[in-house]
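**Q** Right, I'll just put the structure down here and ask away after.
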Amino acid sequence: MEQLFREEKMRVSTSQLQQLTIFTTVLTGSGSGTMYYLLQKKFVESDYHRLALQKLEACPVAMESLGAPPLKVHNIHLTDRNNRIDQRTAQIKIPVTGSETGGYLYTSSIQDPDTNRWSLKQAVLKLREGQTIDLLNPPSPASAEITKGLDTSR
């Protein structure tokens with residue numbers, strides 16, 4: 032009799048299993064979505080991210096090449112191997128677009144152990160068309176115009 036009671040107690044209907052599956056899926060999905068959002072927010076609020084974007088926005092040649100403003104900064108691809116952060120170094124690849132084209136801002140920063148301030152060691156904009164602009168040693172607007180004039184592919 033006791034074994035019969037246990038069997039009846041262990042039975043779960045198909046609809047209960049479906050409800051449990053849906054609940055688990057929603058809970059897992061919302062947890063993953065929240066984690067993704069928080070990681071992206073942490074990147075955007077970081078000094079190494081902010082410094083890189085400031086350097087991009089301060090380069091007229093890069094901004095003009097993108098067709099910016101408006102400059103649109105997209106979410107970092109969390110699974111991209113170019114994105115590596117540890118306690119004292121940060122290497123990130125930031126997707127950006129303007130009204131004419133887009134590309135990636137490749138950056139590398141280090142944190143001073145004494146002041147805890149981040150400094151940019153590399154900032155290179157690579158456009159979809161293959162053009163590369165070193166934001167730490169940007170070309171002058173005049174030389175960029177000369178280069179554009181010599182470009183016969185346009």
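Start counting the sequence shown at 32; every next residue gets the next number (this note's numbering).
In this text, a Cβ means the ideal position worked out from N, Cα and C, and glycines have one as well.
#1: If Leu-136 sits next to Ala-89, beta carbons under 8 Å apart, how far is it from one beta carbon to the other, in whole angstroms?
#2: With H, G and I counted as helix, E and B as strand and the rest as coil, what does DSSP make of Thr-138?
#3: With a threshold of 16 other CB atoms inside 10 Å of the CB of Tyr-79, please say whether the residue is buried or exposed.
#4: What residues are listed by DSSP as bridge partners for Arg-148?
#5: Assign Val-43 to one of two classes, buried (16 or more other C-beta atoms within 10 Å of its C-beta) or exposed (fewer than that).
#6: Between Pro-172 and the rest of its own chain, which residues show a CB-CB distance below 7 Å, the 5 nearest in sequence each way excluded?
#7: Using a Cβ-Cβ distance under 7 Å, would Gln-71 count as near chain B?
**A** Well, looking at it:
#1: Actually they do not touch by this definition, with Cβ atoms about 13 Å apart.
#2: In the three-state scheme derived from DSSP, where H, G and I count as helix and E and B as strand, Thr-138 is classed as strand.
#3: Around the beta-carbon of Tyr-79, 16 or more other beta-carbon atoms lie within 10 Å, marking it buried.
#4: Answer is none; Arg-148 lacks a bridge partner.
#5: Taking all protein chains shown into account, Val-43 has fewer than 16 neighbouring C-beta atoms within 10 Å of its C-beta and is therefore exposed.
#6: Sequence-distant partners of Pro-172 (beyond 5 residues in either direction) whose C-beta falls short of 7 Å from its own C-beta, in its chain, are Pro-91 and Val-92.
#7: Protein chains in the displayed structure number just one, and chain B is not present.
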